[in-house]
Amino acid sequence: MVIAPEKLVKEKECFSCRDVLWYLVFSGFAVSYMIKLHLSLTIIAMVVAPQLKATTLAQCAWNEYIQKSNSSSLWTNATSLTNSLDNNTTNTSLTSWDSTQTLEHSPSQNETQSNHRFSWNEYDQGVALGAYSWLHPIMELPAGFLAHRYGTKLIFGLTIFIPATLGFMTPVLARYHFYAFVLLRALQGGIADVCWSAVHSMTAKWIPIDDRSKFLSAYFGGAVGTAIVYPMCAILINSFGWDSVFYVTSALGIIWCVAWYYLAFDTPQEHPRISVGEKTYILERLGNSVNITTSQKVPWKAILTSRPLWIVTIAHVGYMWGITILYLGIPSYFNYIQGWNIQAVGMLSAIPQVLRMLFSYTISSFSDWLLKTERMPIMWLRKAAVFLGCGIPSIMLLGLAFSGCHPTLAIAFMMASLIATGATSAGTLAVTVDLSPNYASILFGIMNTISSIVKFLAPMMIGILTNNNQTIVQWRLVFLITVAIMFSTSAVYIFFGTSEVQHWNYQDDEEDPVELEKLRSKVNKADCEETTAYIPKKRDNCSYSESAECCVTEMND
Numbered sequence: 015m016v017i018a019p020e021k022l023v024k025e026k027e028c029f030s031c032r033d034v035l036w037y038l039v040f041s042g043f044a045v046s047y048m049i050k051l052h053l054s055l056t057i058i059a060m061v062v063a064p065q066l067k068a069t070t071l072a073q074c075a076w077n078e079y080i081q082k083s084n085s086s087s088l089w090t091n092a093t094s095l096t097n098s099l100d101n102n103t104t105n106t107s108l109t110s111w112d113s114t115q116t117l118e119h120s121p122s123q124n125e126t127q128s129n130h131r132f133s134w135n136e137y138d139q140g141v142a143l144g145a146y147s148w149l150h151p152i153m154e155l156p157a158g159f160l161a162h163r164y165g166t167k168l169i170f171g172l173t174i175f176i177p178a179t180l181g182f183m184t185p186v187l188a189r190y191h192f193y194a195f196v197l198l199r200a201l202q203g204g205i206a207d208v209c210w211s212a213v214h215s216m217t218a219k220w221i222p223i224d225d226r227s228k229f230l231s232a233y234f235g236g237a238v239g240t241a242i243v244y245p246m247c248a249i250l251i252n253s254f255g256w257d258s259v260f261y262v263t264s265a266l267g268i269i270w271c272v273a274w275y276y277l278a279f280d281t282p283q284e285h286p287r288i289s290v291g292e293k294t295y296i297l298e299r300l301g302n303s304v305n306i307t308t309s310q311k312v313p314w315k316a317i318l319t320s321r322p323l324w325i326v327t328i329a330h331v332g333y334m335w336g337i338t339i340l341y342l343g344i345p346s347y348f349n350y351i352q353g354w355n356i357q358a359v360g361m362l363s364a365i366p367q368v369l370r371m372l373f374s375y376t377i378s379s380f381s382d383w384l385l386k387t388e389r390m391p392i393m394w395l396r397k398a399a400v401f402l403g404c405g406i407p408s409i410m411l412l413g414l415a416f417s418g419c420h421p422t423l424a425i426a427f428m429m430a431s432l433i434a435t436g437a438t439s440a441g442t443l444a445v446t447v448d449l450s451p452n453y454a455s456i457l458f459g460i461m462n463t464i465s466s467i468v469k470f471l472a473p474m475m476i477g478i479l480t481n482n483n484q485t486i487v488q489w490r491l492v493f494l495i496t497v498a499i500m501f502s503t504s505a506v507y508i509f510f511g512t513s514e515v516q517h518w519n520y521q522d523d524e525e526d527p528v529e530l531e532k533l534r535s536k537v538n539k540a541d542c543e544e545t546t547a548y549i550p551k552k553r554d555n556c557s558y559s560e561s562a563e564c565c566v567t568e569m570n571d
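Counting in the numbering used here, the sequence shown runs from 15 upward without gaps.
Set out below in structure tokens:
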């Protein structure tokens, strides 16, 4: 039967199996990030508030408290400031304080009854927050290989099921010993954070190249998960105590695993409910870019010596450093420096996450449109996305560093920086699939193995710089270091990076995908209404022809 390419596109279902896969991946990342990031806000309720220098409060929250002492507590950490006032400022004016005086926070009766608080200083908190990424460097690459070998359905499912199960034990171990809690978080993170590499393998097998940017926006389900978990944490902490956060997020993870088990499949060929039309559409569009069997040898030497891979890895390191600071550091910054209470911090952290997801989906859809209409070469598109997702956020963080005690400016710069990182779905996340669809999970595993190191270095840096020194100056230093890293690494990819399919992606007896793409670009779609779809690969008894401006398959009888 002769099928035209345009008809294949038009006959695509309104709600296809790829759409189901997108929602599953999207919600999977949402749940994974809820389990990962709830601690960045919950830890504020888990620990006794640190001693804050009077100079810090005089610059920000204290002035706000003096001016709005009878108003809403949205802009102030009312508990800390009220206790500080009672304990330290009797018959003392603000102007008469010594600059080295500290303000101690005593938990209220409600706090001590409903929650057990720990005496963890900023360094301890940095260790606890960073522990989630301790095992990431040694787990990421094996995860990419395992996904390539055993399939994404199994590996991605386990990366959520196991951390969710361990989450039920977290409150008990936190009360038992600090390092028991830290080791549990490390084990959770070592398993959970490899989900990215696992999904990359499935993306290459399910999604044609000019649909990938939009599909990769599902990775930003984590942004929506973050947007949900922060206000949810505030509500749960106030209503049931911080323990409830761990139980609820773990339960959500188990529920997701049930849906994933019944609805997800590694390839279109394995899906029992996919339509013939959708399967044909996917296989024809993928062509021969993905046809390596799991038993074939992985070209490790070519991969590990690939210059394009290491260049995009450098860019991803910068992105990962920035997003780690924004995810793990911002709640503490707004709580301790700007003076926001935990409810306000929860809402503040949620809003930009939703906007980040919407921005990611918009940019990804626009990128796919540019590729389909051939209005921009893929290499320049990826470079633009890297600058938008890494360079622009660094500039916004520079503004945040110098926003001082102006909460409106601080919020605006923080939100702009976080939202702009959504462009990464069309940037570094897509480049590894572009370079080698067959080994996308392995490439992403290598890239994420290197970049994951900063996931525990960044929070440790925050802990070291702000330990017993929660001041604007120290947080400015945190942000300036982040600016330098993000901007310089994005520049490396912009000047030296590429997204062309590498020669080692395909076997020696296969057609070069680059040449096939050039061949397809010459197709005159108007003249191909009665021909088959674009040539996907060399078939038995077939030859390629460009005789009529369109690519046809000449089938021998």
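Think of the CB as a built atom: it goes at the ideal place given N, C-alpha and C, for glycine as much as any other residue. Remember, predicted model here, so these are calculated numbers, not experimental data.
Counting along the chain, S513 sits inside no alpha helix (DSSP H), nor does DSSP assign it H or E at all. Within a 10 Å sphere around the beta-carbon of F29 sit fewer than 16 other beta-carbons, which makes this residue exposed.
At a Cβ-Cβ threshold of 9 Å, Q202 and Y164 do not count as neighbours. Distances from the alpha-carbon of V186 to those of H130, I344 and L297 put H130 closest. Under the three-state reduction of DSSP, V61 is assigned to strand. Beta-bridge partners assigned by DSSP to F132: V61.
Nearest neighbour of L372 by Cα position, chosen from G418, R321, I433 and I339, turns out to be I433.
For C271, the enclosing alpha helix (DSSP H) covers residues D257 to L277. For H214, the enclosing alpha helix (DSSP H) starts and ends at C209 to W220. For the pair L411 and G336, the CB atoms are nearer than the 9 Å cut-off.
Per the coordinates, the alpha-carbon of S264 lies some 43 Å from the alpha-carbon of H517. V497 is the residue among V497, L35 and P177 whose C-alpha sits nearest the C-alpha of I339.
A direct Cα-Cα distance of roughly 11 Å separates T294 from W220. The straight-line gap separating the alpha-carbon atoms of M390 and S379 is approximately 14 Å.
For A232 and F43, the gap between their C-alpha atoms comes out near 8 Å. Closest option to V326, judged by alpha-carbon separation, among G413, F401 and W354: F401.
Close CB contacts of F182 within its chain, under the 6 Å cut and outside five residues either way in sequence, are with S264 (chain order). In summary, N482 is exposed, with fewer than 16 beta-carbon neighbours lying within 10 Å of its beta-carbon over all protein chains present. Ranking H214, Q139, S363 and R226 by CA distance to the CA of G239 puts S363 first. Contact between D207 and H162 does not hold, since their C-beta atoms are separated by about 18 Å, which reaches or exceeds 8 Å. Each of S450, G405 and G477 was checked against the Cα of A430, and the nearest Cα belongs to G405. DSSP places Q367 in the uninterrupted alpha helix (DSSP H) bounded by I356 to K386. Exposure of Y276 is indicated by the presence of fewer than 16 other C-beta atoms within 10 angstroms of its C-beta.
When C-alpha distances from M500 are compared across G436, P407 and G441, the shortest belongs to P407. By the beta-carbon neighbour count (other beta carbons within 10 angstroms, threshold 16), R199 is buried.
Distance from the CA of I57 to the CA of I269, rounded to the nearest whole angstrom, comes to 25 Å.
Here E388 is exposed, its C-beta having fewer than 16 other C-beta atoms within 10 Å.
Measuring C-alpha to C-alpha distances from A329 to each of F175, H214, W148 and A399 identifies A399 as the nearest. For A440, the closest alpha carbon among the candidates I476, M393, V331 and L414 is that of M393.
By the Cβ criterion, the segment 134-148 is in contact with the segment 48-57, since at least three pairs of Cβ atoms, one from each stretch, lie closer than 8 Å. Taken through DSSP and simplified to helix, strand or coil, T184 comes out as helix. Residue environment: Y190 is assigned as exposed (fewer than 16 neighbouring CB atoms within 10 Å of its CB, all protein chains considered).
Of the candidates Q283, S211 and T184, the residue whose Cα lies closest to the Cα of Y453 is S211. Pairing V62 with T184, the inter-Cα distance amounts to about 19 Å. Within a 10 Å sphere around the beta-carbon of Q352 sit 16 or more other beta-carbons, which makes this residue buried. Spanning the alpha carbons of F159 and S455 requires a straight line of approximately 7 Å.
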